[in-house]
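K.L.:
The structure is given below, and queries will be raised subsequently.
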Amino acid sequence: MRSVLLSLCLALATAAHAANDEFWPEVRLYKQLDETARLYFSADYTEGKESNAASTSASANVTAAVDVSLEPVWRVALRSQDWERNRYLWARFGYTRVSKIELGTRELSEDRGILALNARGQLPAEIWFEGRARADLRWIGDDYSTRYRLRGQLAREFDPFGRAMLLYARAEWFYDTRFDAHSRTLSQLGVEKSLTRHFRVEAYLAWQYDYQPQDDSLHALGLVAKWYY
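Just so you know, we're using this note's numbering here: the sequence shown kicks off at 33 and counts up by one.
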């Protein structure tokens, strides 16, 4: 356990000092409505994440969504205070405003609808697999396109010092209809730590490879602050 955490910390520190890496800060707010639904809000700032890695564009992104549990109501074994980790099947319906900035001036922005379906299943050794199928409905100026995304994640939860901690590894595949081709692959290795009942912090390493409109790549260190109510 300690060796895993040490390796992850060293990897995060190495990424933070690499000249070609980026830093992706983000804040998220989750508001539970009832046993079957919650609200989700997020804001983040990135550079190559929403553009090709070689682009000089940066992006300020704001998202609002509703998460709806689709699991059968008789599956009660997973009920707990953690809404997301204790559901077998749930969907997200949302909207993202992507404001792109080019060399200090506002560039063409994007309106994006989000449709996503998430499913979870338990594996041996208390490891959980989560799969996600997502469609980004994108209006960039007067042009419409769809970006399809498939993501798989392996995660295991620990409980050091009485506070939940999650280690995960995930990989995501992107298909963009603007190019009718596989456009991007994103891999992440991260840790999420509960600090209080309502607050968690997540840190991760990301490896992004773009294939369209040109081949490029970047590494990023992500830091996410999360509030749950």
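We treat Cβ as the ideally placed atom computed from N, Cα and C, and that holds for glycine. This one's a predicted model, so the numbers in the text were calculated from it and none came from an experiment.
1) Look at the Cβ atom of Asp53, then the Cβ atom of Ala252, and state whether they are nearer than 8 Å.
2) Out of curiosity, what's the CA-to-CA distance linking Gly194 and Ser226?
3) Pull up the distance between the alpha-carbon of Asp247 and that of Tyr180, whole angstroms please.
4) CA-CA distance, Leu155 and Leu186?
5) Hey, could you find the ends of the beta strand (DSSP E) Lys225 is sitting in?
6) Can you tell me which of the three DSSP states Pro156 falls into?
7) Residues bridged to Thr178 by DSSP?
8) For Arg229, count neighbouring C-beta atoms within 10 Å of its own C-beta (all shown protein chains included) and say buried if the count is 16 or more, exposed if not.
9) Measuring only the C-alpha atoms, how far is Arg170 from Tyr243?
10) What residues in its chain sit with their C-beta under 8 Å from that of Phe211, if we drop five residues either side in the sequence?
11) Identify, in the order they occur along the chain, each residue of the same chain with its Cβ nearer than 6 Å to the Cβ of Tyr260, setting aside the five sequence neighbours on each side.
12) Use the C-beta contact count for Val209: other C-beta atoms within 10 angstroms, 16 or more gives buried, fewer gives exposed.
13) In terms of DSSP beta bridges, what is Tyr260 paired with?
14) Whole angstroms is fine: what's the gap from Ile172's alpha carbon to Glu224's?
15) Please state the DSSP three-state secondary structure of Pro245.
16) If we ignore side chains and look at the alpha-carbon of each, how far apart do Ala92 and Val59 end up?
17) Quick one: Cα of Arg107 to Cα of Arg216, how far?
18) Using CA atoms only, rank isn't needed, just tell me which of Phe206, Val100, Leu198 is closest to Asn150.
19) Restricting to Cα atoms, I'd like to know which of Arg202, Tyr207, His214, Val233 is closest to Trp239.
20) CB Tyr127 to CB Ala96, shorter than 8 Å?
21) Between Phe73 and the rest of its own chain, which residues show a CB-CB distance below 6 Å, the 5 nearest in sequence each way excluded?
22) With a 10 Å radius around its C-beta and 16 neighbouring C-beta atoms as the bar for buried, classify Val130 as buried or exposed.
P.N.:
Working from what's here:
1) Taking the sequence shown and counting its residues from 1, the one referred to as residue 53 is at position 21. Taking the sequence shown and counting its residues from 1, the one referred to as residue 252 is at position 220. Cβ atoms of Asp53 and Ala252: closer than 8 Å.
2) Residue 194 sits at position 162 when you count from the first residue of the sequence shown. Residue 226 sits at position 194 when you count from the first residue of the sequence shown. About 10 Å.
3) Here residue 247 refers to the residue found at position 215 when the sequence shown is read from its first residue. Here residue 180 refers to the residue found at position 148 when the sequence shown is read from its first residue. When rounded, the distance between both Cα atoms is 19 Å.
4) For the purposes of this step, residue 155 is taken as the residue at position 123 of the sequence shown. For the purposes of this step, residue 186 is taken as the residue at position 154 of the sequence shown. The C-alpha of Leu155 lies about 9 Å from the C-alpha of Leu186.
5) Within the sequence shown, numbered from 1, the residue matching residue 225 stands at position 193. Start and end: 213-226.
6) Locating residue 156 in the sequence shown gives position 124, where the first residue counts as 1. Assignment of Pro156 by DSSP, reduced to helix, strand and coil, places it in the helix class.
7) Locating residue 178 in the sequence shown gives position 146, where the first residue counts as 1. In the DSSP output, where bridge partners are listed per residue, Thr178 has Leu169.
8) Counting from 1 along the sequence shown, the entry for residue 229 is found at position 197. Result: exposed.
9) Locating residue 170 in the sequence shown gives position 138, counting from the first residue. Locating residue 243 in the sequence shown gives position 211, counting from the first residue. C-alpha separation (whole angstroms): 19 Å.
10) Start at 1 with the first residue of the sequence shown, and residue 211 comes out as number 179. Cβ within range, chain order: Gln244, Pro245.
11) Within the sequence shown, the letter at position 228 stands for residue 260. By the criterion of a C-beta distance shorter than 6 Å, Tyr260 is surrounded in its chain by Tyr62, His230, once the five residues flanking it on both sides are discounted.
12) Numbered from its first residue, the sequence shown carries residue 209 at position 177. In the sequence as presented, Val is not what sits at residue 209; that position holds Thr. That one is exposed.
13) One-based indexing of the sequence shown puts residue 260 at position 228. As a beta-bridge residue in DSSP terms, Tyr260 pairs with Tyr62.
14) Looking up residue 172 in the sequence shown gives position 140. Looking up residue 224 in the sequence shown gives position 192. Cα-Cα distance, rounded: 33 Å.
15) For the purposes of this step, residue 245 is taken as residue 213 along the sequence shown, with counting starting at 1. Looking at Pro245 - three-state DSSP - the assignment turns out to be coil, as it is neither helix nor strand.
16) By one-based count along the sequence shown, residue 92 stands at place 60. By one-based count along the sequence shown, residue 59 stands at place 27. When rounded, the separation of the alpha-carbon atoms in Ala92 and Val59 is 12 Å.
17) Position 75 of the sequence shown holds residue 107. Position 184 of the sequence shown holds residue 216. Legend: pLDDT at Arg107 = 48, less than 50; position of this residue unreliable, no value from coordinates given.
18) Taking the sequence shown and counting its residues from 1, the one referred to as residue 150 is at position 118. Considering only alpha carbons, the answer is Val100.
19) The count along the sequence shown starts at 1 and reaches residue 239 at position 207. Nearest C-alpha to Trp239: Arg202.
20) For the purposes of this step, residue 127 is taken as residue 95 along the sequence shown, with counting starting at 1. For the purposes of this step, residue 96 is taken as residue 64 along the sequence shown, with counting starting at 1. For Tyr127 and Ala96, yes; Cβs fall inside 8 Å.
21) Residue numbering aside, residue 73 sits at position 41 when the sequence shown is read from its first letter. Result list for Phe73: Leu61, Ala96, in chain order.
22) Walking along the sequence shown from the start, residue 130 turns up at place 98. Taking all protein chains shown into account, Val130 has 16 or more neighbouring C-beta atoms within 10 Å of its C-beta and is therefore buried.
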